[in-house]
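Single-structure report; data block below.
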């Protein structure tokens, strides 16, 4: 895996965020540990939303939309990430409901030639007081709509 900073290829839908694979992300075989993919996806999504003002800042939520839970996470591993350095995380929304959203994602090389893993993740926005599903705000809907694959 190259350590050079390379811009990921442009995508027709969704967003591509770079994630850094560190030495402690590797397993005994020197490949990215399977459990780290969820963490790297979380970091990519957090960076995307944070850049758009939806984040935890100074210990407080900037928006009620940050209070959500993962309902489902599936992943298929297609090729090993061998070593440290940046990988590209391409994600988009397949569905945006009243209180839920279904992301589809793929991890790939920065040049786009190798897909390492792909899957989906469903989240549900929750009311912090009741822990019941709650609707996304208009702000979150406006941002999320840009991620929808048409």
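Numbering (our numbering), first residue to last: 81 to 230. Just so you know, even glycine gets a beta-carbon here, dropped at the ideal spot from N, CA and C. Everything numeric in this text was worked out from a predicted model, so none of it was measured.
Short of 7 Å in beta carbon distance, which residues of its chain neighbour residue i, apart from the five on each side in sequence? Order them along the chain.
{"i": "residue 145", "result": "134, 205, 216, 217 and 220"}
{"i": "residue 227", "result": "94, 95, 172 and 173"}
Where does residue i sit, in a helix, a strand or coil, going by DSSP?
{"i": "residue 132", "result": "coil"}
{"i": "residue 73", "result": "The shown model of the chain, from 81 to 230, leaves out residue 73, and the question about it has no answer."}
{"i": "residue 166", "result": "strand"}
{"i": "residue 161", "result": "coil"}
{"i": "residue 183", "result": "strand"}
{"i": "residue 120", "result": "helix"}
{"i": "residue 202", "result": "strand"}
Between the alpha carbons of residue i and residue j, how many angstroms are there, rounded?
{"i": "residue 109", "j": "residue 128", "result": "31 Å"}
{"i": "residue 62", "j": "residue 90", "result": "Residue 62 falls outside the range modelled here, since the chain spans only 81 to 230, and no answer is possible."}
{"i": "residue 213", "j": "residue 139", "result": "23 Å"}
Got a sec? Which residues, its chain only, sit under 8 Å from residue i by beta carbon, not counting five neighbours each side?
{"i": "residue 223", "result": "129, 132 and 134"}
Are the beta-carbon atoms of residue i and residue j separated by less than 8 Å?
{"i": "residue 198", "j": "residue 156", "result": "yes"}
{"i": "residue 180", "j": "residue 202", "result": "yes"}
{"i": "residue 167", "j": "residue 99", "result": "yes"}
{"i": "residue 161", "j": "residue 196", "result": "yes"}
Meets three-Cβ-pair contact criterion under 8 Å: the segment 107-127 and the segment 174-192: yes
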